[in-house]
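**Q**
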Amino acid sequence: MIAVLAMVAVLTSGAPRTITVSTPQGEQRIPVRADRGGVPLISAPLLVSALGGTVTVGETWVEVTLAQQAFRFLLGSPVYLFNNQVQALAAPVLLIRDTVYVPFQFIAEALPTFLAERYRYDRRGARLVEERGRLLAARPAVGRLANGLRRGHLVTVDAGHGGVDPGNPGMFFPRGLREKDVTLAVSMLLRDELRRRGVTVRMTRTTDTLIALGERGAYCTEKCDLFLSLHVNSLPRRRGFSDIRGFETYFLAEARTEDAARVARMENEAVRFENIGDEATPLGAIDFIVKDLQLNEHLRESARLAELVQGDMGQIHTGPDLGVKQAGFMVLTTARRPAILVEMGYSTNRDDSKFLTSTPGQRSMASAIADAVVEYLLEYERKTDAAADSGTAR
Ligand SMILES: [Zn+2]
Numbered sequence: 000m001i002a003v004l005a006m007v008a009v010l011t012s013g014a015p016r017t018i019t020v021s022t023p024q025g026e027q028r029i030p031v032r033a034d035r036g037g038v039p040l041i042s043a044p045l046l047v048s049a050l051g052g053t054v055t056v057g058e059t060w061v062e063v064t065l066a067q068q069a070f071r072f073l074l075g076s077p078v079y080l081f082n083n084q085v086q087a088l089a090a091p092v093l094l095i096r097d098t099v100y101v102p103f104q105f106i107a108e109a110l111p112t113f114l115a116e117r118y119r120y121d122r123r124g125a126r127l128v129e130e131r132g133r134l135l136a137a138r139p140a141v142g143r144l145a146n147g148l149r150r151g152h153l154v155t156v157d158a159g160h161g162g163v164d165p166g167n168p169g170m171f172f173p174r175g176l177r178e179k180d181v182t183l184a185v186s187m188l189l190r191d192e193l194r195r196r197g198v199t200v201r202m203t204r205t206t207d208t209l210i211a212l213g214e215r216g217a218y219c220t221e222k223c224d225l226f227l228s229l230h231v232n233s234l235p236r237r238r239g240f241s242d243i244r245g246f247e248t249y250f251l252a253e254a255r256t257e258d259a260a261r262v263a264r265m266e267n268e269a270v271r272f273e274n275i276g277d278e279a280t281p282l283g284a285i286d287f288i289v290k291d292l293q294l295n296e297h298l299r300e301s302a303r304l305a306e307l308v309q310g311d312m313g314q315i316h317t318g319p320d321l322g323v324k325q326a327g328f329m330v331l332t333t334a335r336r337p338a339i340l341v342e343m344g345y346s347t348n349r350d351d352s353k354f355l356t357s358t359p360g361q362r363s364m365a366s367a368i369a370d371a372v373v374e375y376l377l378e379y380e381r382k383t384d385a386a387a388d389s390g391t392a393r
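Going letter by letter, the sequence shown gives residues 0 to 393 in numbering that gives the first Met the number 0.
1) Compare the beta carbon distance of residue 314 and residue 248 with 8 Å and say whether it is the shorter of the two.
2) Counting by C-beta, which residues lie closer than 5 Å to a heavy atom of ligand 1, in chain order?
3) Let me know if residue 221 comes out buried or exposed under the rule of 16 or more other beta-carbons within 10 Å of its beta-carbon.
4) Determine the closest residue to residue 263 out of 299, 301, 324, 207, with distance taken between C-alpha atoms.
5) How should residue 337 be labelled, buried or exposed, when 16 other C-beta atoms within 10 angstroms of its C-beta is the threshold for buried?
6) Is there contact between the segment 158-168 and the segment 182-190, where contact requires at least three CB pairs shorter than 8 Å?
7) Where does residue 167 sit, in a helix, a strand or coil, going by DSSP?
8) Using CA coordinates, which residue listed in 261, 251, 259 is at the minimum distance from residue 304?
9) DSSP has residue 68 in a bridge; who is on the other side?
10) Considering only residues of the same chain and omitting the five flanking positions on each side of residue 98, which have a CB-CB separation below 7 Å?
11) Helix or strand or just coil, what does DSSP make of residue 19?
12) For residue 316, which residues in the same chain have their Cβ closer than 6 Å to its Cβ, ignoring the five residues on either side in sequence?
13) Look at the Cβ atom of residue 111, then the Cβ atom of residue 100, and state whether they are nearer than 8 Å.
14) Excluding the five sequence neighbours on either side, which residues of its own chain have a C-beta within less than 6 Å of the C-beta of residue 49, listed in chain order?
15) Would you list the residues sitting across from residue 230 in a DSSP beta bridge?
16) Assuming contact is defined by CB atoms lying nearer than 8 Å, are residue 322 and residue 354 in contact in what I supplied?
17) Rounded to whole angstroms, what is the Cα-Cα separation between residue 152 and residue 257?
18) If I measure Cβ to Cβ from residue 17 and keep anything under 8 Å in the same chain, skipping five residues before and after, which residues do I get?
19) Applying the criterion that 16 or more other CB atoms from any shown protein chain within 10 Å of the CB defines a buried residue, is residue 357 buried or exposed?
20) Can you list, in chain order, the residues of its chain with a C-beta nearer than 6 Å to that of residue 58? Leave out the 5 residues immediately preceding and following it.
21) Alpha carbon to alpha carbon, how far is residue 238 from residue 53?
22) Grouping DSSP H, G and I as helix and E and B as strand, with all else coil, what is residue 306?
23) From residue 367 to residue 219, what distance separates their C-alpha atoms?
24) Take residue 55 and list the residues in its own chain whose beta-carbon comes closer than 6 Å to its own, dropping the five residues that flank it on each side.
25) Considering only residues of the same chain and omitting the five flanking positions on each side of residue 223, which have a CB-CB separation below 6 Å?
26) Pull up the distance between the alpha-carbon of residue 301 and that of residue 214, whole angstroms please.
27) Per the DSSP calculation, residue 370 is bridged to which residue(s)?
28) Apart from the five residues on each side of it in sequence, which residues of its chain come closer than 7 Å, Cβ to Cβ, to residue 77?
29) Would residue 162 and residue 208 qualify as a contact pair, given that the criterion is a beta-carbon distance under 8 Å?
And the structure:
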């Protein structure tokens, strides 16, 4: 059934001539057209290309899927099915020269009503806005936490150094604090923040003890979603060294820059505190493991998590965002899950040191990292859900 209608230029309903579709990926303008009766219409293919979705045209039905939710329109009729319930439209969905058009009302009213967690329509600005961070909330909340996460996520938090390995000496830290003290303090706060968000946490250490680098990753096995290692950066004395400050997040891969290699060497130094007792140099194994991991999707996942951590840390940290970096960190090689290492700031800078050792600073970092973890897990769930959905015949 194909309805062919002449388009008229004048919109009689006061609808805008174009709308802007705004998503975390960018903005797209979509023209609003009118049917013969002046009812404003939107091209469904343009809409789904802007929002990410699909349009499937059947003989009598058109199915528009957005946010993994299917709207089934009866062609030429002012009705559609959503969640097995029939809904009314002001005008029929039309097929005009092979393009499906849905009434403008679908954008302005139906989407913001039925997928309110995800879309809102701003009439004054003629903007359909997809909200970031609300991605999963659009799904039915059955069996999910208030933040949209599934239950049962497990994250390993690794407080860098400990015991006889103090980490860096914390040049500008007060009260004789050293790196191992700050990493432990923030890790404990991060544990609390993650628990508050419904995520189960396993700690590599909760006291001032040394855990071998090669064993830390073993705390994150198949059931574990992520491995997070927290550290504090420092620089050797040289001209201007104490001016350098900021936070950066690493994922395991071959070092791209000399500075990244330096940070990895420094953090890998901790092996010298371990009684390995033989000539096996675990550091030599890193090249091999890195190559192995490069074939691994965990690399991409780790990079994404690192990006989210940097983004959220950027909103609270007093120092500059030094970006996502990659290097061969031994502590990350043994985790067979996405793994990142956060250098939360420089103990060789006064301002960073103040932030790193203050209670508000530590709390805000823990909260920012926890937020990033939840965002990451939501994205990950959405991807795996989409993969599961596409494997199911409709
Ligand atoms: Zn460290």
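Virtual Cβ for every residue (Gly too), placed ideally from N, Cα, C.
This structure is a prediction, so every number in the text was calculated from the model and none was measured.
**A** Looking at the atomic coordinates:
1) No, the Cβ-Cβ distance between residue 314 and residue 248 is not below 8 Å.
2) Listed along the chain, these residues meet the criterion: 159, 166, 230, 266.
3) Residue 221 is classed as exposed because its beta carbon has fewer than 16 other beta carbons within 10 Å across all chains shown.
4) For residue 263, the nearest C-alpha among the options comes from 324.
5) Answer is buried; the Cβ neighbour count reaches 16.
6) In short, these stretches touch, since the Cβ pair count reaches three.
7) Three-state DSSP puts residue 167 in coil, outside helix and strand.
8) Ranking the options by Cα distance to residue 304, first place goes to 251.
9) Paired residues: 65.
10) Once the five neighbours on either side are set aside, the close Cβ partners of residue 98 are 42, 44.
11) DSSP, reduced to helix, strand and coil, places residue 19 within a strand of the structure shown.
12) For residue 316, same chain residues with a beta-carbon under 6 Å away, outside a window of 5 residues either side, are 246 in chain order.
13) No, they are not a contact pair.
14) Only 20, 27 meet the Cβ criterion.
15) 342, per the DSSP bridge assignment.
16) Against a cut-off of 8 Å, the Cβ pair of residue 354 and residue 322 comes out as no contact.
17) The straight-line gap from Cα to Cα measures roughly 36 Å.
18) When the five nearest sequence neighbours on each side are left out, the beta carbons in the same chain lying within less than 8 Å of the beta carbon of residue 17 are those of 28, 29, 30, 31, 125, in order along the chain.
19) Exposure of residue 357 is indicated by the presence of fewer than 16 other C-beta atoms within 10 angstroms of its C-beta.
20) Excluding its 5 nearest sequence neighbours in each direction, residue 58 has no C-beta neighbour in its own chain below 6 Å.
21) Residue 238 and residue 53 have their alpha carbons spaced roughly 58 Å apart.
22) Helix at residue 306.
23) Approximately 21 Å, taken between the alpha carbons.
24) Closer than 6 Å at Cβ, skipping near neighbours: 62.
25) Cβ neighbours of residue 223 beyond the five flanking positions: 153, 155, 336.
26) Rounded to whole angstroms, residue 301 to residue 214 spans 19 Å at the Cα level.
27) Looking at the DSSP assignment, residue 370 forms no beta bridge with any residue, so it has no partner.
28) Around residue 77: 87, 88, 89, 90, 91.
29) Yes. Within cutoff.
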